[in-house]
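Residue numbers (the numbering used here): 42 to 185.
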C-alpha cells in the first residue's frame, strides 16, 4: 500500500532563463542555460539541481542500507553525481553517473551496498527504465 510521506512544491517562471522558488522559500534561484552552452554565470540550471538532489538522496539510501545491516558509514563518505543533458534527434534527455566512495568498507561490500541503495533510492526508482544511470565505486564502473 502506498503511503505519501512528503510533497515538495516549487514553481518556475521564464524557463531556463528564469527563476525557481520553492514553496518554503528555501530555494529561490535564478536559472540559466548552462554556462558552457552560452548561459550566464552565477545562476544554476535544472541539471545541477537534479544532480544535487540525486546525490543527496542516494547518500541517504546508503545510510539506510548501512543501518539495516548494523553498519555505520564513515562521516567522509561521498556520493558524486554527474548529470548530462544530451540531444537525440529532435528530443533531449538526461543521463547520470553516481560515483560512491564509502571510505571504510572493502570493494566487495561497497559494491553490494551501492547496488542495494540503487534499488531503494527514490531517484533511482523514479528514473529506472527512463534514463541511463551508471554506478561507480571510487571512479570504477560497476555492473548495475
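Backbone N, C-alpha and C define an ideal beta-carbon position, used for all residues, glycine too. The structure presented is a predicted model; accordingly, all values stated were derived computationally and were not measured.
Should residue i be labelled buried (16 or more other beta-carbon atoms within 10 Å of its own) or exposed?
i, result
"residue 154", "buried"
"residue 72", "buried"
"residue 115", "exposed"
Need the endpoints of the beta strand (DSSP E) that residue i sits in, please.
i, result
"residue 52", "51-54"
"residue 165", "Not the beta strand (DSSP E): residue 165 falls in the alpha helix (DSSP H), residues 163-168."
CA-CA distance, residue i and residue j?
i, j, result
"residue 159", "residue 75", "28 Å"
"residue 85", "residue 96", "16 Å"
"residue 164", "residue 58", "25 Å"
"residue 70", "residue 122", "20 Å"
"residue 109", "residue 77", "42 Å"
"residue 180", "residue 138", "10 Å"
According to DSSP, simplified to helix, strand and coil, what is residue i?
i, result
"residue 64", "coil"
"residue 139", "strand"
"residue 85", "strand"
"residue 144", "coil"
"residue 172", "coil"
Report whether the distance from the Cβ of residue i to the nearest heavy atom of the ligand SAH is below 6 Å.
i, result
"residue 183", "Judged by which ligands are present, the structure shown has none, so any question about the ligand SAH falls away."
When you compare the CB of residue i with every CB in chain B, is at least one pair closer than 7 Å?
i, result
"residue 99", "No chain B is present in this structure, which holds just one protein chain."
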